[in-house]
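Each step along the sequence shown adds one to the number in my numbering, with nothing skipped, and position 185 is 190.
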Amino acid sequence: MKANGESAGVLNGVRLEPVAPGSAVALGNDAARRAGAPDKKTLEAATRALLERLADLQDVFQADGRHALLLILQGRDAAGKDGLIKSVYGAFNPTGVRVAAFGPPTPLELRHDFLWRVHQVVPPRGMIGVFNRSHYEDVLAVRVRQLAPEAVWQARFAQINHFESMLHANGVIVRKCFLHISQDEQRARLLARLDDPRKNWKFRLDDLDDRARWDDYTAAYRDVLARCSTPAAPWYVVPADEKPMRNYLVARLLVETLESLDATYPAMNPAVRDAARDFR
Ligand code: ATP
6 MKANGESAGV LNGVRLEPVA PGSAVALGND AARRAGAPDK KTLEAATRAL LERLADLQDV
66 FQADGRHALL LILQGRDAAG KDGLIKSVYG AFNPTGVRVA AFGPPTPLEL RHDFLWRVHQ
126 VVPPRGMIGV FNRSHYEDVL AVRVRQLAPE AVWQARFAQI NHFESMLHAN GVIVRKCFLH
186 ISQDEQRARL LARLDDPRKN WKFRLDDLDD RARWDDYTAA YRDVLARCST PAAPWYVVPA
246 DEKPMRNYLV ARLLVETLES LDATYPAMNP AVRDAARDFR
């Protein structure tokens with residue numbers, strides 16, 4: 006990132022690193038916060054600068070049209086997927102970004118292979134797509150809630166890797182973020198949904214069932230991170246207890262990803278320029 010401003014120094018090393026393929030990632034409560042984090046004001050100012058940069062990068066990315074960008078967001082209930090999308094989405098020209106959310110599959114979706122509904126909403130080149138949950142639910146919720154036999158969901162890890170590698174080979178840049186919150190923070194956020202009338206509508210009893218299966222989800226997420234973080238489609242663990250840090254880290258990842266593409270504005274076709282000479 007081309008960092009500037011007074012916050013550049015303290016934020017130098019504050020970035021996400023991809024999960025090394027096959028590695029066992031620590032997903033304890035400690036990992037939900039970043040030690041020695043800069044203060045909230047510094048992070049928020051730096052995030053605003055990143056979001057401005059993102060707007061410029063999206064413009065040239067859209068014009069360049071050689072790649073698509075797909076950001077996949079996973080996390081437990083109340084991990085902040087919606088809040089993150091809200092904070093980052095505003096940076097973009099809405100014509101170039103599309104959010105897709107994945108709830109329980111419909112009867113029709115269940116009659117198809119699990120990637121059918123996902124592939125349809127993968128962004129085309131020039132577009133940014135954000136997935137709020139994704140095909141990873143098919144090896145997370147499906148596994149933990151025992152919605153399919155083990156042989157079925159076990160086979161999906163390889164199927165997912167093939168799918169994402171195919172997308173990569175076809176110009177789709179895939180970045181996957183697991184928003185990791187601690188048990189205490191989830192409890193506080195679920196209680197806020199119960200207590201705050203403006204948040205009551207977000208509360209679902211199913212969230213309590215999933216919370217009761219905390220350790221099973223941890224094991225399932227660890228497998229996902231170890232088995233599906235690949236060079237073509239890396240996973241990142243985002244410490245998400247603190248929202249300013251979460252927003253900064255993901256905004257920075259997006260900026261660095263788009264910068265790495267070296268997108269350029271296409272030159273005007275000389276024939277078009279000639280034809281428009283009279284207009285000038
Ligand atoms: P969120 O919890 O993501 O904020 P929400 O409360 O509005 O969203 P929905 O989007 O309707 O709820 O559905 C989310 C739920 O759908 C989650 O509990 C998730 O585990 C479940 N889900 C998503 N995909 C699948 C799948 N393939 N199989 C089973 N359950 C799934």
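We put the CB at the ideal spot given by N, CA and C, even for glycine.
Every value quoted in this text rests on a predicted model; they were computed, and no experiment measured them.
So is the beta-carbon of residue i under 7 Å away from any non-hydrogen atom of the ligand NAP?
i	result
Asn137	This structure lacks the ligand NAP; the ligands present are the ligand ATP.
Can you tell me whether residue i sits near the ligand ATP, meaning its C-beta is under 7 Å from at least one heavy atom of the ligand?
i	result
Pro99	no
Pro271	no
Gly108	yes
Asp82	yes
Glu155	no
Arg251	no
Asp211	yes
Lys204	no
Leu62	no
Leu120	no
Asp221	no
Glu142	yes
Val243	no
Val147	yes
Leu184	no
Asp87	yes
Leu152	yes
Since residue i sits in a beta bridge, which residues does DSSP pair it with?
i	result
Phe183	Gln79, Val242
Leu74	Ile133, Ile178
Val104	Val135
Based on Cα-Cα distance, which residue from the options lies nearest to residue i?
i	options	result
Tyr222	Arg150, Ala245, Arg192	Arg150
Ala50	Ala280, Leu258, Ala276, Tyr253	Tyr253
Gly101	Gly134, Asn17, Asp44	Gly134
Leu263	Arg20, Ala60, Val15, Ala40	Ala60
Ala272	Gly70, Gly27, Leu75, Val19	Gly70
Asn137	Leu89, Ala231, Leu258, Lys207	Leu89
Leu48	Ala29, Leu21, Leu75, Val15	Val15
Tyr2	Pro110, Glu22, Leu62	It is not possible to answer for residue 2, since the shown part of the chain is limited to 6 through 285.
Ala231	Arg20, Val19, Pro26, Val147	Pro26
Phe66	Gly131, Pro112, Glu22	Gly131
Glu261	Arg58, Ala31, Ala68, Gly85	Arg58
Leu78	Val104, His72, Asn98	Val104
Gly18	Asp214, Ala42, Val277	Ala42
Ala31	Ala225, Thr52, His173	Ala225
Asp267	His72, Leu56, Arg39	His72
Ser139	Ala68, Lys181, Asp201, Ala163	Lys181
Ala36	Leu21, Lys45, Asp44, Lys46	Leu21
Pro109	Ser265, Pro202, Asp211	Asp211
Val123	Trp158, Ala96, Leu172	Leu172
Throw me the rounded Cβ distance for the residue i and residue j pair, which I believe falls under 8 Å.
i	j	result
Leu259	Val179	At roughly 13 Å, the Cβ-Cβ gap does not stay under 8 Å, so Leu259 and Val179 are not in contact.
Arg161	Asp143	6 Å
Ser170	Ala106	That pair is no contact at about 24 Å.
Ala84	Leu184	4 Å
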